[in-house]
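Chemist: Numbers in the working numbering are just positions in the sequence shown, counted from 1, shifted up by 2.
Where is the CB? At the ideal position from N, CA and C, for every residue including glycine.
Because the structure is a prediction, the values reported are computed rather than measured.
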Amino acid sequence: MAEFRFDLQLFAGEKTEPATPRRREEARKKGQVAKSAEVPTALMILTGFFLLRALGPYAARHLLETVRFFLANLAEWQGDLPGLGSMLLAALIKLGLIAAPILGAFLVVSLVSQVVQVGFMASTEVLQPKFSRINPVEGFRRIFSKRALVELLKSAAKIALVGYLVYTQVRDNLEWLRHAGLMDLEQSIALITDGIYRLGLQVGLFLLILAAADYWWQRREFESSIRMSKDEIKEELKQTEGDPLIRSRIRQRQRQMAAQRMMQAVPTADVIVTNPTHYAVAIKYTPGEMDAPKVVAKGQGLIAQRIKEEGQKHRITTIQNPELARALYDTTEVGQEIPAHLYPAVAEVLAFVYRLRRKTV
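Structure follows, in structure tokens:
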């Protein structure tokens, strides 16, 4: 039977892992974020037609007043350039007052649509010149890429459906359009405005649905583009936290230094409570300086044996109390005061130690 062997290292470079926070931050600094250009377009179209509905009479009235104002002043114009300039300036100011709320609404919607998608972001990376943007090979790759195909399908869908909506709107209003010339001017304008508004609302809603689908697609593509391989994640960890072997040695050295400091504190203890072989806890209490006794050293196994040896060397009283030794080891860290529920047991041990000291004096 034939035997097949695969080298799993061949797959180590595949980008199968989600991007790390650092990778996401770097992509954001470069301006690479998940966003859809369809979202602001759809929202601005909807906003525009809502404003047409709400501000249409206001805009029409002020536009008519501006035209009358300009024609009235033009009739009295003396043919001098300063007079023409003042008339044009006044007309532009009136037109600006008409356009200001509409342009302001468009600006707000555009900013909000961007902030909702990517938050507040400013990046100059996209403004920097890159050879890949003018490289013909890269250009052909972009033209025939999956993204280009999706954009083509989006454009085709927009043209087809918008054209269909326009067709249905004209078909449904064809009857009164034939007799529009016989109607009153205001009635004709109202009907046309209403038809345009309904058409714009339908187009805007369709584009909004398309924008939601496009945003989902853009986010999916963005997540795929920033995925990382296992080797890249390891390399990033080395850069941010250092080599794992070095980190391990540093932690080992820190533990050794902590153990040395702890052993240096054993001679200052008043008593060492033992298990007697598995646990050892050194306790210190200075009345008037401490609110409660403190654990200055603790350990199990070999460390416990070293604590007892250090205590014997400096003639520290050692008491065998397995339950208290285990309770102190489990509840109190080195340098901490003992918990309140162990006060009676520790006080009894310290009282015994003080009695021994008085007898030896």
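Pull up the distance between the alpha-carbon of R26 and that of V114, whole angstroms please.
Modeler: As a working note, residue 26 is residue 24 in the sequence shown. As a working note, residue 114 is residue 112 in the sequence shown. If you take the alpha carbons of R26 and V114, they lie about 22 Å apart.
Chemist: Opposite A306 in the DSSP bridges: which residues?
Modeler: Position 304 of the sequence shown, counted from the first residue, corresponds to residue 306. In the DSSP output, where bridge partners are listed per residue, A306 has none listed.
Chemist: Taking A228 and P295 to be in contact with their CB atoms under 8 Å, please state how far apart those CB atoms are, rounded to whole angstroms.
Modeler: Locating residue 228 in the sequence shown gives position 226, counting from the first residue. Locating residue 295 in the sequence shown gives position 293, counting from the first residue. Position check: residue 228 holds Ile in this sequence, whereas Ala was assumed. Not quite, the Cβ-Cβ distance comes to about 55 Å (not below 8 Å), so this is no contact.
Chemist: With contact counted as at least three CB pairs below 8 Å, one residue from each stretch, are the stretch 247 to 259 and the stretch 267 to 280 in contact?
Modeler: no
Chemist: Helix, strand or coil for R251, going by three-state DSSP, please let me know.
Modeler: What you label residue 251 is simply residue 249 of the sequence shown in a count that begins at 1. In this structure, R251 counts as helix in the three-state DSSP scheme.
Chemist: If we ignore side chains and look at the alpha-carbon of each, how far apart do F224 and A162 end up?
Modeler: Taking the first residue of the sequence shown as position 1, residue 224 is located at position 222. Taking the first residue of the sequence shown as position 1, residue 162 is located at position 160. Rounded to whole angstroms, F224 to A162 spans 28 Å at the Cα level.
Chemist: Could you check the C-alpha separation between D293 and H280 for me, to the nearest Å?
Modeler: Stepping through the sequence shown from its first residue, residue 293 is reached at position 291. Stepping through the sequence shown from its first residue, residue 280 is reached at position 278. Answer to the nearest angstrom: the Cα atoms are 29 Å apart.
Chemist: Just how far apart, CA to CA, sit F354 and K286?
Modeler: Taking the sequence shown and counting its residues from 1, the one referred to as residue 354 is at position 352. Taking the sequence shown and counting its residues from 1, the one referred to as residue 286 is at position 284. Going from the Cα of F354 to the Cα of K286 covers about 14 Å.
Chemist: Could you have a look at Y287 and say whether DSSP puts it in helix, strand or coil?
Modeler: In the sequence shown, the residue the question calls residue 287 occupies position 285. Reduced to three states, the DSSP call for Y287 is coil.
Chemist: Kindly indicate which residue of Q322, P269, S250 has the alpha-carbon position closest to the one of Q314.
Modeler: Within the sequence shown, the letter at position 312 stands for residue 314. Measuring from the Cα of Q314, the nearest candidate turns out to be P269.
Chemist: Name the residue from A260, K156, Q266 whose alpha carbon lies nearest to the alpha carbon of Q220.
Modeler: Here residue 220 refers to the residue found at position 218 of the sequence shown. Among A260, K156, Q266, the Cα nearest to that of Q220 is on K156.
Chemist: Only counting the same chain, and skipping five residues up and downstream in sequence, which positions put a Cβ closer than 7 Å to that of Q204?
Modeler: As a first step, residue 204 must be located in the sequence shown, where it is residue number 202. Residues L167 of the same chain have their beta carbon placed closer than 7 Å to that of Q204, with the five preceding and five following residues left out of the count.
Chemist: Excluding the 5 residues flanking A61 on each side, which residues of the same chain have their C-beta closer than 7 Å to its C-beta?
Modeler: Here residue 61 refers to the residue found at position 59 when the sequence shown is read from its first residue. Excluding sequence neighbours, A61 sits near I100.
Chemist: Mind checking T333: buried by the 16 CB within 10 Å criterion, or exposed?
Modeler: Taking the first residue of the sequence shown as position 1, residue 333 is located at position 331. Classification of T333: exposed, given that the 10 Å Cβ count is below 16.
Chemist: Check the DSSP bridge columns for Y281 and list the partner residues they point to.
Modeler: Residue mapping note: residue 281 aligns to position 279 of the sequence shown, counting from 1. Y281 is bridged by DSSP to Q302.
Chemist: Go to T170, then tell me how far its alpha helix (DSSP H) extends in each direction, as first and last residue.
Modeler: Position 168 of the sequence shown, counting from 1, holds the residue named residue 170. Per DSSP, T170 belongs to the alpha helix (DSSP H) from 148 to 174.
Chemist: Indicate whether the contact test is met: 3 or more Cβ pairs, each with one atom in the stretch 298 to 316 and one in the stretch 343 to 354, closer than 8 Å.
Modeler: no
Chemist: Buried or exposed: where does S38 fall if 16 or more other Cβ atoms within 10 Å of its Cβ makes it buried?
Modeler: Within the sequence shown, the letter at position 36 stands for residue 38. Per the 10 Å Cβ criterion, buried.
Chemist: Within 8 Å, do at least three Cβ pairs link the stretch 86 to 97 to the stretch 37 to 54?
Modeler: no
Chemist: Buried or exposed: I95, going by 16 or more other Cβ atoms within 10 Å of its Cβ?
Modeler: Counted from its first residue, the sequence shown places residue 95 at position 93. Under this definition I95 is an exposed residue.
Chemist: Please tell me whether L57 and P103 are closer than 8 Å, where the distance is taken between their beta carbons.
Modeler: Walking along the sequence shown from the start, residue 57 turns up at place 55. Walking along the sequence shown from the start, residue 103 turns up at place 101. It is a contact, given that the beta carbons lie within the stated cut-off.
Chemist: According to DSSP, which residues form a beta bridge with K315?
Modeler: Residue mapping note: residue 315 aligns to position 313 of the sequence shown, counting from 1. Bridge pairing for K315: absent [DSSP].
Chemist: Under a three-way DSSP split, which group does Q322 fall into?
Modeler: Here residue 322 corresponds to residue number 320 of the sequence shown, with the count starting at 1. Of the three classes helix, strand and coil, the one that applies to Q322 here is strand, per DSSP.
Chemist: Exposed or buried, what is D216 when buried is set at 16 or more other beta-carbons lying within 10 Å of its beta-carbon?
Modeler: Looking up residue 216 in the sequence shown gives position 214. When all chains shown are included, D216 counts as buried.
Chemist: Check whether the Cβ atoms of V24 and E238 lie closer than 8 Å to each other.
Modeler: Along the sequence shown, read from residue 1 onward, the residue named residue 24 stands at position 22. Along the sequence shown, read from residue 1 onward, the residue named residue 238 stands at position 236. First, the residue type needs correcting, since residue 24 is Arg and not Val in the sequence shown. Yes. Within cutoff.
Chemist: Look up T43 in the DSSP assignment and say whether it is helix, strand or coil.
Modeler: Here the question's residue 43 lines up with position 41 in the sequence shown. DSSP places T43 in helix when its eight states are reduced to three.
Chemist: Measuring only the C-alpha atoms, how far is V298 from Q119?
Modeler: For the purposes of this step, residue 298 is identified with residue 296 of the sequence shown, where counting begins at 1. For the purposes of this step, residue 119 is identified with residue 117 of the sequence shown, where counting begins at 1. Computed Cα separation, rounded: 55 Å.
Chemist: Per DSSP, K296 forms a beta bridge with which residues?
Modeler: Indexing the sequence shown from 1 puts residue 296 at position 294. K286, E339.
Chemist: Would you report the Cα separation of L53 and I194, rounded to the nearest angstrom?
Modeler: To locate residue 53, count along the sequence shown from 1; it is residue 51. To locate residue 194, count along the sequence shown from 1; it is residue 192. Straight-line Cα distance between these residues: approximately 16 Å.
Chemist: Grab the span of the alpha helix (DSSP H) containing P23 for me, first residue to last.
Modeler: The count along the sequence shown starts at 1 and reaches residue 23 at position 21. Per DSSP, P23 belongs to the alpha helix (DSSP H) from 23 to 31.
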